[in-house]
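Using the UniProt record's numbering, the letters of the sequence shown map in sequence onto residues 1 to 269.
Note that the Cβ used here is the ideal one computed from N, Cα and C, for glycine as well.
The structure presented is a predicted model; accordingly, all values stated were derived computationally and were not measured.
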Amino acid sequence: MDVDCERCQCHSGAKRTAILYTLLSQNLTHSRSSRSPAHQRCLCHQRRTVCLSTPHVTCQAASNVLVKTISFMKNLPSFHLLPREDQLLLLDSCWVPLFLLGLVQEMVTFEVMETPAPSMLKKILLDGQSKGQEPEQTQPTLAAVQRLQCCLNTFWSLDLSPKEYAYLKGAILFNPDVPGLRASLYIESLQREAQRALQEVLQPLYPEDQGRFARILLIASTLKSIPPALITDLFFRPVIGNADIVELIAETLYEITGGQLAPVARVAC
Numbered sequence: 001m002d003v004d005c006e007r008c009q010c011h012s013g014a015k016r017t018a019i020l021y022t023l024l025s026q027n028l029t030h031s032r033s034s035r036s037p038a039h040q041r042c043l044c045h046q047r048r049t050v051c052l053s054t055p056h057v058t059c060q061a062a063s064n065v066l067v068k069t070i071s072f073m074k075n076l077p078s079f080h081l082l083p084r085e086d087q088l089l090l091l092d093s094c095w096v097p098l099f100l101l102g103l104v105q106e107m108v109t110f111e112v113m114e115t116p117a118p119s120m121l122k123k124i125l126l127d128g129q130s131k132g133q134e135p136e137q138t139q140p141t142l143a144a145v146q147r148l149q150c151c152l153n154t155f156w157s158l159d160l161s162p163k164e165y166a167y168l169k170g171a172i173l174f175n176p177d178v179p180g181l182r183a184s185l186y187i188e189s190l191q192r193e194a195q196r197a198l199q200e201v202l203q204p205l206y207p208e209d210q211g212r213f214a215r216i217l218l219i220a221s222t223l224k225s226i227p228p229a230l231i232t233d234l235f236f237r238p239v240i241g242n243a244d245i246v247e248l249i250a251e252t253l254y255e256i257t258g259g260q261l262a263p264v265a266r267v268a269c
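Structure representation (structure tokens):
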């Protein structure tokens with residue numbers, strides 16, 4: 001990933017159009033005078049925000065992975081035996097790590113670029129018009145994306161087999177520690193069953209690697225630390241806009257749908 005740091009405008013030696021720049025600078029200085037000191041800091045000291053370098057391609061791939069993730073849950077009879085309330089709680093809790101496992105399994109890679117900063121003229125024209133309106137959508141930070149890619153790279157180093165992926169997904173989906181579950185004991189038994197099946201797969205494949213099972217579960221736990229907002233903003237916000245991603249997943253889970261999560265033609269970085 002190659003994201004070049006944009007040179008600070010504060011130290012730019014380029015000449016500007018005198019009259020327009022003077023007027024805009026005075027206006028901008030006046031609008032900033034009432035803001036807190038944190039907003040008056042140089043842009044170089046703020047955390048850079050990023051977006052996908054190829055949103056059409058990456059969002060298409062992410063949509064396909066999410067559809068496969070939903071199909072995985074839809075095809076599990078033990079999942080549908082749970083109360084509907086428990087299904088929704090598990091869905092809300094586990095869709096991100098399951099989706100990330102899908103990215104790893106499908107070998108989906110992506111690059112990001114720095115989000116273009118709004119021009120000074122745009123800031124001035126829009127200043128004062130956003131009051132009372134909905135806040136602007138958040139953008140992922142470079143640090144958060146790098147942490148995500150580090151997690152994915154760690155999983156790729158494990159080189160899991162299809163059966164390992166399947167049983168690991170079951171162990172992640174059936175999480176008895178999710179608050180509010182009605183059938184937590186049954187869900188716990190399903191998780192133990194998935195973990196036992198994973199161990200049985202590992203024994204003949206890696207007889208000399210006794211620590212692989214614990215290592216897989218440990219690395220899988222890092223996926224749960226990835227914020228859902230980061231995944232939504234990075235991969236799906238360009239497609240679904242302000243819609244609730246969990247509601248869309250639930251609708252897809254309980255309705256027979258084929259194809260994409262949403263028209264990819266709407267993608268915009």
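(message) With a threshold of 7 Å on Cβ separation, who are the neighbours of Lys74 within its own chain once the five nearest residues in sequence on each side are excluded?
(response) Taking the first residue of the sequence shown as 1, we reach residue 74 at position 74. Here the set comprises Leu253.
(request) With DSSP collapsed to three states, give me the class of Glu114. (result) Stepping through the sequence shown from its first residue, residue 114 is reached at position 114. Strand, per DSSP.
(message) Cutting at 7 Å between CB atoms, please list the residues of its own chain near Pro176, excluding the five before and the five after it.
(response) Taking the sequence shown and counting its residues from 1, the one referred to as residue 176 is at position 176. Excluding positions up to five away in sequence, the list reads Ser184, Ile187, Glu188, Gln191.
(request) Consult DSSP for Val50 and reduce its assignment to one of helix, strand or coil. (result) The residue given as residue 50 occupies position 50 in the sequence shown. Strand.
(request) Label Ser157 either buried or exposed according to how many other C-beta atoms from any shown protein chain fall within 10 Å of its C-beta, with 16 as the threshold for buried. (result) Within the sequence shown, the letter at position 157 stands for residue 157. Per the 10 Å Cβ criterion, exposed.
(request) Would you check if the distance between the CB atom of Pro83 and the CB atom of Ile172 is smaller than 7 Å? (result) Residue mapping note: residue 83 aligns to position 83 of the sequence shown, counting from 1. Residue mapping note: residue 172 aligns to position 172 of the sequence shown, counting from 1. Not a contact, by the Cβ cut-off of 7 Å.
(request) Answer with buried or exposed for His45, where buried requires no fewer than 16 other C-beta atoms within 10 angstroms of its C-beta. (result) Sequence index remark: in the sequence shown, residue 45 carries index 45 (1-based). At His45 the pLDDT is 35, less than 50, meaning the model places this residue with poor confidence; the figure from the coordinates comes in the next sentence. Flag for His45 reads exposed.
(message) Tell me which residues share the same chain as Ile70 and place their Cβ nearer than 8 Å to its Cβ, disregarding the 5 neighbours each side in the sequence.
(response) The residue you call residue 70 lines up with position 70 of the sequence shown. Result list for Ile70: Ile249, Thr252, Leu253, in chain order.
(message) Tell me which residues share the same chain as Asp233 and place their Cβ nearer than 8 Å to its Cβ, disregarding the 5 neighbours each side in the sequence.
(response) Working through the sequence shown from its first residue, we reach residue 233 at position 233. Taken in chain order, the residues that qualify are Gln137, Thr138, Gln139, Pro140.
(message) On the DSSP bridge list, what partners appear for Ile141?
(response) By 1-based counting over the sequence shown, the position of residue 141 is 141. As written in the sequence, residue 141 is Thr, which differs from the Ile given in the question. According to DSSP, which records beta bridges pairwise, Thr141 is partnered with Thr49.
(message) Could you compute how far the alpha carbon of Leu160 sits from the alpha carbon of Asn242?
(response) Your numbering for residue 160 matches position 160 in the sequence shown. Your numbering for residue 242 matches position 242 in the sequence shown. Going from the Cα of Leu160 to the Cα of Asn242 covers about 35 Å.
(request) Grab the span of the alpha helix (DSSP H) containing residue 270 for me, first residue to last. (result) Any property of residue 270 remains undetermined from this structure, which presents the chain solely from 1 to 269.
(message) Could you give the first and the last residue of the continuous alpha helix (DSSP H) run that contains Lys68?
(response) Start at 1 with the first residue of the sequence shown, and residue 68 comes out as number 68. For Lys68, the enclosing alpha helix (DSSP H) has its first and last residue at 55–74.
(request) Would you mind working out which of Val50, Ser78, Val178 sits nearest Leu224, comparing C-alpha positions? (result) Residue mapping note: residue 224 aligns to position 224 of the sequence shown, counting from 1. Checking the displayed sequence, the identity of residue 224 turns out to be Lys instead of Leu. Of Val50, Ser78, Val178, the residue nearest in Cα terms is Val178.
(request) Please report how far the alpha carbon of Cys51 lies from the alpha carbon of Ala61, in whole angstroms. (result) For the purposes of this step, residue 51 is taken as the residue at position 51 of the sequence shown. For the purposes of this step, residue 61 is taken as the residue at position 61 of the sequence shown. Linking Cys51 to Ala61 through their CA atoms gives a straight-line distance of about 16 Å.
(message) At 4 residues or longer, what runs of the alpha helix (DSSP H) sit wholly inside the segment 144–195?
(response) Here the runs fully enclosed are 162–173.
(message) If you reduce the DSSP assignment to three classes, tell me which class Thr109 lands in.
(response) As a working mapping, residue 109 is identified with position 109 in the sequence shown. In the displayed model, Thr109 falls within coil according to three-state DSSP, outside both helix and strand.
(request) Give the range of the alpha helix (DSSP H) segment to which Ile245 is assigned. (result) Sequence index remark: in the sequence shown, residue 245 carries index 245 (1-based). Annotation: the continuous alpha helix (DSSP H) that includes Ile245 extends over 245–254.
(request) Give every residue of the same chain whose Cβ lies closer than 7 Å to the Cβ of Leu202, excluding the five residues on either side of it in the sequence, and list them in chain order. (result) Numbered from 1 along the sequence shown, position 202 holds the residue referred to as residue 202. Excluding the 5 residues flanking it on each side, Leu202 has same chain C-beta neighbours closer than 7 Å at Arg212, Phe213, in chain order.
(request) Excluding the 5 residues preceding and the 5 following Gly180 in the sequence, name in chain order all residues of the same chain whose CB lies nearer than 7 Å to its CB. (result) Here residue 180 refers to the residue found at position 180 of the sequence shown. Hits under 7 Å: Leu89.
(message) What does the alpha-carbon distance come out to for the pair Ser12 and Leu100?
(response) Position 12 of the sequence shown holds residue 12. Position 100 of the sequence shown holds residue 100. Because the pLDDT of Ser12 is 49, which lies under 50, any placement of that residue in the model is unreliable, and the question is left without a value.
(request) Assuming Ser63 and Glu111 form a contact by the criterion Cβ under 8 Å, report the distance between their Cβ atoms to the nearest whole angstrom. (result) Position 63 of the sequence shown, counted from the first residue, corresponds to residue 63. Position 111 of the sequence shown, counted from the first residue, corresponds to residue 111. The Cβ separation is near 18 Å, so there is no contact.
(request) Inspect the beta-carbon positions of Leu66 and Val104 and report whether they are closer than 7 Å. (result) Within the sequence shown, residue 66 is the residue found at index 66, counting from 1. Within the sequence shown, residue 104 is the residue found at index 104, counting from 1. No, Cβ-Cβ distance for Leu66 and Val104 is not below 7 Å.
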